[in-house]
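Engineer: First the structure, then my questions, so here it is.
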Amino acid sequence: MNQHRTLNFPAKSTFMALAATAATLLAAPSWAAPTQLQEQQSVEISASPDKVWGIIKNFNDLTWVAVVKASNATKGNTIGSIRTLEMGGPKLTEELVQYNASAHSYTYAIQNTAANQQVVPLSDVKATISVAPGKDGGSKVTWQAAFHRVDHSDTPAAGHDDAAAKQTMNGVIGGGLASLKQKAEVK
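Under UniProt numbering, think of the first position of the sequence shown as 1, with each following residue one higher.
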């Protein structure tokens, strides 16, 4: 006995719509982590790279930034050193993750703690500051950072979105570079 079965497939347009929906759901989950943000600023300073590096080279001393009242570090310029900054309120702690004296550069990370996020409302902050030769025997200092906003939800609260996070880091870096320029250019 020969039996034939007829298989009924959905119409091609229905199949294509289901495939497109599945691809969209797989490609862009609603729980995706926020985009890593970046900020970079540079300043030209009318002082030699050696003079400028002499001001910033000690990881334990960030008092060249106007808002920092006191600064100390557990291991100086050794990788893993923890720097504590006092600015008149909650303290901020940062860890030295890379140090290169010959390249006049170091990288640090702000520790992800609730206390730190009261001071700087960002997470996963990793920043590098470096000094290079500039114009007319001066220096060019570059400070760059990669970070996330604290509110990782798809719809962050007002003032906790990407724009607010970038504005915060812009202020931190801009204020630090302005302080350094002022200190280094004193004759």
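We treat Cβ as the ideally placed atom computed from N, Cα and C, and that holds for glycine.
Label E185 either buried or exposed according to how many other C-beta atoms from any shown protein chain fall within 10 Å of its C-beta, with 16 as the threshold for buried.
Structural biologist: exposed
Engineer: Taking the alpha carbon of G134 as the reference point, which residue from Q40, E44, Q36 and Q38 has its own alpha carbon closest?
Structural biologist: E44
Engineer: To the nearest angstrom, how far is it from the Cα of A19 to the Cα of P34?
Structural biologist: At A19, the pLDDT of 47 sits below 50, so the modelled position is not reliable and the matter cannot be decided from this model.
Engineer: Starting from N58, trace the beta strand (DSSP E) both ways and give me its first and last residue.
Structural biologist: Per DSSP, N58 belongs to no beta strand (DSSP E) and is neither H nor E.
Engineer: With burial defined as no fewer than 16 other Cβ atoms inside 10 Å of the residue's Cβ, what is the status of I79: buried or exposed?
Structural biologist: exposed
Engineer: Where do the ends of the beta strand (DSSP E) carrying D162 lie?
Structural biologist: Taken as a continuous stretch (DSSP letters only), D162 belongs to no beta strand (DSSP E), being part of the alpha helix (DSSP H) at D162 to A184.
Engineer: Any idea what DSSP makes of K187, helix, strand or coil?
Structural biologist: If DSSP states are grouped into helix, strand and coil, K187 belongs with coil.
Engineer: With distances taken between CB atoms, is the gap from W53 to L180 smaller than 8 Å?
Structural biologist: no
Engineer: Could you tell me how far apart the beta carbons of T142 and A127 are, in whole angstroms, since I believe they sit closer than 8 Å?
Structural biologist: Going by Cβ atoms, the distance from T142 to A127 rounds to 11 Å, so no, they are not a contact pair.
Engineer: Specify the secondary structure class of A101 as computed by DSSP and reduced to three states.
Structural biologist: coil
Engineer: For G76, I'd like the list of residues in its chain whose CB is within less than 8 Å of its CB, leaving aside the five on either flank, ordered along the chain.
Structural biologist: N58, F59 and N60
Engineer: CB of T128 to nearest heavy atom of the ligand ATP: below 7 Å?
Structural biologist: Only the bare structure without any ligand can be found here, which leaves the ligand ATP out of the picture.
Engineer: For the region 160-174 against the region 109-124, are there 3 or more C-beta pairs whose distance is under 8 Å?
Structural biologist: yes
Engineer: So, with DSSP's three-state summary, where would you put D50?
Structural biologist: In the structure shown, D50 adopts helical secondary structure according to DSSP, grouped into three states.
Engineer: At the level of alpha carbons, what is the spacing between G175 and N112?
Structural biologist: 22 Å
Engineer: Assign V67 to one of two classes, buried (16 or more other C-beta atoms within 10 Å of its C-beta) or exposed (fewer than that).
Structural biologist: exposed
Engineer: Counting only beta-carbon separations shorter than 8 Å, does V120 have a partner in chain D?
Structural biologist: In the structure shown, chain D cannot be found, because there is only a single protein chain.
Engineer: Contact check, A70 vs R83 under 8 Å by CB: the rounded distance?
Structural biologist: Rounded, the Cβ-Cβ distance is 11 Å, inconsistent with contact.
Engineer: Below 8 Å CB to CB, which residues in the same chain sit around L37 once its five sequence neighbours on both sides are set aside?
Structural biologist: A146, F147, H148, R149, D162, A165, K166 and M169
Engineer: Going by CA-CA distance only, name the one from K51, V172, I129 and S139 that's closest to Q98.
Structural biologist: Per the C-alpha coordinates, the member of K51, V172, I129 and S139 positioned closest to Q98 is I129.
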